[in-house]
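See below for the structure under consideration.
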Amino acid sequence: MVAIEAGSLAPLIRLRNLDISHNRLVDFPWEDLRNLRALQMLKMNHNELVTLPKDAFASLKYLNTTTTTSNTTTTL
């Protein structure tokens, strides 16, 4: 099982592109996304993410590309 530590993405406030594909991630610090206000592209393909909160991307007004294919998502 692999996860990104909560709070580790929070300082990256100017980050525009994030590709965490192919990392076998089981968990993700969804609350950290609130701080990534400049994020435009997020790729999370080919992991083992089980949950994807329905409001996970709500504060990301510049986000125009999100891909989450090939995960084991069962809960939205």
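In the numbering used here, each residue carries its 1-based index in the sequence shown increased by 474.
Even for Gly, the Cβ is constructed at its ideal location relative to N, Cα and C.
This one's a predicted model, so the numbers in the text were calculated from it and none came from an experiment.
**OP:** Please check if any C-beta of chain C sits within less than 7 Å of the C-beta of R511.
**Re:** Here there is only one protein chain, and chain C is not present.
Subject >> First and last residue of the uninterrupted beta strand (DSSP E) at K528 >> reply: That residue, K528, is in no beta strand (DSSP E); it is neither H nor E in DSSP.
Subject >> Neighbourhood of T548 by C-beta distance below 7 Å, restricted to the same chain and skipping five residues each side >> reply: V524
Original post:
So, using beta-carbon positions, are N545 and M515 closer together than 7 Å?
Top reply: no
Subject >> Cα-Cα separation between R511 and A480, rounded to whole angstroms >> reply: 17 Å
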